[in-house]
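>
Residue numbers (this note's numbering): 11 to 356.
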């Protein structure tokens with residue numbers, strides 16, 4: 011029994027020693043491993059621009075609801091739905107017979123008051139009447155003339171004219187209807203020139219200025235259109251934190267329909283001396299971002315700040331300079347004491 015135990019122990023010692031001999035060369039090979047091959051990119055100045063896509067809405071340059079200023083009965087409709095009318099052309103006429111009668115009455119009173127004022131002015135020169143009597147006759151004349159002017163203004167309000175040259179919309183009121191200022195008779199829009207409205211996030215508010223060019227497209231139309239920024243809202247909308255922008259459309263063919271949805275492409279600035287690296291070069295961490303530079307066969311980890319991110323590259327605003335060599339591949343295996351050799355140079 012003792013001999014069997016000794017034999018078993020001897021066999022175990024022999025097996026362990028054999029395993030150690032096999033593993034020793036492997037450890038030696040690992041410790042003597044060659045430098046890690048990495049691909050690198052030499053940083054150079056690059057052109058970087060940021061583009062955003064946002065929803066927009068095509069609008070007529072002007073859009074006005076046609077309402078009466080006073081209440082009255084429509085006696086004439088002088089437009090066709092969908093037609094183009096010229097500025098100051100008569101669109102609607104309200105009944106003004108009662109106002110015209112009042113005007114004639116006041117005009118008769120004006121003539122009498124005018125003669126009375128002239129006669130009393132001559133009497134005043136020879137002290138035939140007192141100054142007070144003359145002032146009363148002059149006051150009466152002035153009151154009548156003021157009433158005439160007010161009545162003429164009301165008569166002019168019975169004629170509703172086009173505020174500008176434009177296209178008439180659909181008619182909401184029929185001939186003979188009694189209307190008030192709350193009724194919309196029709197609408198007129200200036201469609202020979204159009205504009206587009208859209209909103210941008212507040213962080214871009216300082217980058218969009220009047221005169222800036224933008225591009226936009228319409229769903230279903232295989233064409234790109236351009237517009238020029240006209241103005242922006244004076245304040246940022248408190249709920250959405252967006253700034254409303256309006257741009258005039260360069261639409262020579264006049265084929266865009268107001269109210270159409272548009273997709274606006276906005277290029278916000280262009281930096282021709284930017285520094286950018288491939289996106290995979292940036293190593294994110296909890297507190298910072300890093301890239302690994304290649305210097306004399308050794309890695310150098312540097313903290314960086316990033317800017318605009320594109321499809322394949324990311325802008326580096328701090329930490330990397332033109333001429334630096336950034337490591338592109340093998341980043342997961344690189345340690346601070348790693349030895350490196352160059353692979354492909356981009």
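Beta carbons are placed, not taken as given, at the ideal position from N, Cα and C, and that holds for glycine.
Here the structure is a predicted model, which means the values were calculated and not measured.
Considering only DSSP beta bridges, list what residue 288 is partnered with.
On the chain shown, residue 288 is found 278 positions in, with the first residue counted as 1. For residue 288, which the question treats as bridged, DSSP gives the partners 323.
> Under a three-way DSSP split, which group does residue 357 fall into?
One cannot answer for residue 357 here, as it falls past the ends of the chain, which runs 11 to 356.
> By the 10 Å Cβ neighbour count, where 16 or more other Cβ atoms means buried, how is residue 314 classified, buried or exposed?
As a working mapping, residue 314 is identified with position 304 in the chain shown. Buried, since its Cβ has 16 or more Cβ neighbours within 10 Å.
> Does the segment 67-78 come close enough to the segment 259-277 to have 3 or more Cβ pairs within less than 8 Å?
Counting Cβ pairs under 8 Å, three or more are found: they touch.
> Nearest CA to the CA of residue 287: which residue from 295, 277, 275, 300?
Translated into positions along the chain shown, residue 287 becomes position 277. If we check each option's Cα against that of residue 287, 300 comes out closest.
> What residue range is occupied by the uninterrupted alpha helix (DSSP H) comprising residue 202?
Sequence index remark: in the chain shown, residue 202 carries index 192 (1-based). Taken as a continuous stretch (DSSP letters only), residue 202 belongs to no alpha helix (DSSP H), being part of the beta strand (DSSP E) at 196-211.
> Alpha carbon to alpha carbon, how far is residue 157 from residue 116? Give it in angstroms, no decimals.
Position 106 of the chain shown, counting from 1, holds the residue named residue 116. Position 147 of the chain shown, counting from 1, holds the residue named residue 157. Computed Cα separation, rounded: 8 Å.
> Under the three-state reduction of DSSP, which class applies to residue 21: helix, strand or coil?
Your numbering for residue 21 matches position 11 in the chain shown. Model confidence at residue 21 stands at a pLDDT of 43, short of 50, so the residue's coordinates are unreliable and nothing is read from them.
> Quick check on residue 347: buried or exposed, where buried means 16 or more other Cβ atoms within 10 Å of its Cβ?
On the chain shown, position 337 is the one that residue 347 refers to. Classification of residue 347: exposed, given that the 10 Å Cβ count is below 16.
> In its own chain, which residues sit with a C-beta less than 6 Å from the C-beta of residue 354, not counting the 5 before and 5 after it?
Residue numbering aside, residue 354 sits at position 344 when the chain shown is read from its first letter. For residue 354, where only same-chain residues beyond five positions count, the Cβ hits under 6 Å are 49.
> Over what stretch of residues does the beta strand (DSSP E) that includes residue 72 continue unbroken?
Here residue 72 is taken as the residue at index 62 of the chain shown, counted from 1. Start and end: 55-76.
> Quick one: residues in its chain with C-beta nearer than 7 Å to the C-beta of residue 345, no 5 flanking neighbours on either side, listed in chain order?
Within the chain shown, residue 345 is the residue found at index 335, counting from 1. Cβ neighbours of residue 345 beyond the five flanking positions: none.
> Is there at least one non-hydrogen atom of the ligand NAP closer than 6 Å to the beta-carbon of residue 276?
Because no ligand of any kind appears in the structure shown, any question about the ligand NAP cannot be addressed here.
> Output the distance between the C-alpha atoms of residue 356 and residue 332, rounded to the nearest integer angstrom.
The sequence position of residue 356 within the chain shown is 346, counting from 1. The sequence position of residue 332 within the chain shown is 322, counting from 1. Cα to Cα, residue 356 sits roughly 14 Å from residue 332.
> In the DSSP assignment, the beta strand (DSSP E) including residue 337 goes from what residue to what residue?
Counted from its first residue, the chain shown places residue 337 at position 327. 335-337 is the span of the beta strand (DSSP E), which, as asked, contains residue 337.
> For residue 106, name the three-state secondary structure that DSSP assigns.
As a position in the chain shown, residue 106 is number 96, starting the count at 1. It is coil, neither helix nor strand.
> Short of 6 Å in beta carbon distance, which residues of its chain neighbour residue 208, apart from the five on each side in sequence? Order them along the chain.
Numbered from 1 along the chain shown, position 198 holds the residue referred to as residue 208. Correct list, in chain order: 64, 66, 255, 274.
> So for residue 249, helix, strand or coil by DSSP?
Start at 1 with the first residue of the chain shown, and residue 249 comes out as number 239. Here residue 249 sits in coil by DSSP.
> My assumption, with CB atoms under 8 Å, is that residue 83 sits in contact with residue 188. Please give the rounded CB distance.
If you number the chain shown from 1, residue 83 lands on position 73. If you number the chain shown from 1, residue 188 lands on position 178. Right, the Cβ-Cβ distance comes to about 5 Å (below 8 Å), so this counts as a contact.
> Around the C-beta of residue 40, are 16 or more other C-beta atoms found within 10 angstroms, so that it is buried, or is it exposed?
Position 30 of the chain shown, counted from the start, is the residue given in the question as residue 40. In this prediction, residue 40 scores a pLDDT of 32, lower than 50, which makes its location untrustworthy; no coordinate-derived value is stated.
> Let me confirm a value: residue 362 is counted as buried when at least 16 other C-beta atoms fall within 10 Å, else exposed. Which label applies?
Given a span of 11 to 356 for the chain in the structure shown, any question on residue 362 remains unanswerable.
> For residue 318, which option in 291, 58, 140 has the closest C-alpha, if you only look at C-alpha atoms?
For the purposes of this step, residue 318 is identified with residue 308 of the chain shown, where counting begins at 1. Comparing Cα-Cα distances from residue 318 to each of 291, 58, 140, the minimum goes to 58.
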